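These notes are about the structure you will find just below.
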Ligand SMILES: N[C@@H](CCC(=O)N[C@@H](CS)C(=O)NCC(=O)O)C(=O)O
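Numbering (my numbering), first residue to last: 4 to 230.
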């Protein structure tokens, strides 16, 4: 088994995706956290895009991009998380792309400054969540009773949506019963629980520096979203 080291940032949902896959397969790995506000020189030398996650394999090989890392772990470690059928596998990869696209507005919710911007960003996120609801099998996880790479990508997204809605009821899960149940099932999944530091929620909530995180502004403008 190769020697694996995951270079991480505490609250990064992309790192969590890679860690979820390692945990779901019971793979041994080390994790090293860096400060993205003060990137070390060794990290900048290793990371072509200056981003986490990185996976160092046997010391000198470096992989970047979370989904590439997830696919490498999938190809080299059991049990398989991707479906056997090429068509289903392709669809899983397509929905992982959709989840990556949804992480962009989910992250923007932490910083946008006005209620109007929050509503616009939440509406864009909601449209993607509706497509995910349509694609979900209705079983415990995205496509069955066991976790797939789609679940590894979705867990960190659904956690962040729930945390945004602790500040104001944005209605992001409203009338999406499959996503609501999926979120609950993923929260109970050991691989998601082990994919990040125990205080991930507190650290993530602290990143809300925009309108959602500012109670005085919310009170002034009224957090009158539909639930
Ligand atoms: N597409 C990349 C996105 C990774 C990413 O955006 N990571 C963020 C932290 S969550 C990062 O390293 N940001 C540092 C920067 O952009 O300078 C992946 O899937 O790995």
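Cβ atoms here follow ideal geometry from the backbone N, Cα and C, with glycine treated the same way.
All of these numbers come straight from a predicted model, not from anything done at the bench.
Any contact between the segment 16-24 and the segment 143-159? By contact I mean 3 or more CB pairs, one from each, below 8 Å. Yes: at least three Cβ pairs fall under 8 Å.
Rounded C-alpha distance that separates residue 9 from residue 105: Those two C-alpha atoms are separated by around 24 Å.
Opposing strand residues paired with residue 213 [DSSP bridges]: In the DSSP assignment, residue 213 is bridged to no other residue.
CB contact flag (residue 77, residue 150, <8 Å): Going by C-beta atoms, residue 77 is not nearer than 8 Å to residue 150.
Should residue 37 and residue 43 be called a contact, given that it needs their Cβ atoms to be closer than 8 Å? Cβ atoms of residue 37 and residue 43: closer than 8 Å.
Using the beta-carbon count (16 or more within 10 Å), is residue 88 buried or exposed? Counting C-beta atoms within 10 angstroms of its own C-beta, residue 88 has fewer than 16 neighbours from the protein chains shown and is therefore classed as exposed.
Quick check on the DSSP output: what are the complete alpha helix (DSSP H) runs of length 4 or more inside the segment 143-222, in order along the chain? Here the runs fully enclosed are 152-170, 180-190, 193-196 and 203-208.
From the DSSP secondary-structure annotation, give me the bridge partner or partners of residue 65. DSSP output for residue 65 lists 59 as bridge partner(s).
Could you check whether the Cβ of residue 59 sits closer than 7 Å to any heavy atom belonging to ligand 1? No; taking the cut-off as 7 Å, the Cβ of residue 59 has no heavy atom of ligand 1 nearer than that.
Own chain residues within Cβ distance below 6 Å of residue 146, not counting five before or after: Non-local beta-carbon contacts of residue 146 in its own chain, meaning distances under 6 Å to residues more than five positions away in sequence, involve 140 in chain order.
Under the assumption that residue 166 contacts residue 124 (Cβ atoms under 8 Å), give the Cβ distance between them as a whole number of angstroms. No, residue 166 and residue 124 are not in contact; Cβ-Cβ is about 15 Å, not under 8 Å.
Please report how far the alpha carbon of residue 229 lies from the alpha carbon of residue 179, in whole angstroms. Bear in mind that the predicted position of residue 229 carries a pLDDT of just 46, short of 50, making it too unreliable to give a figure here.
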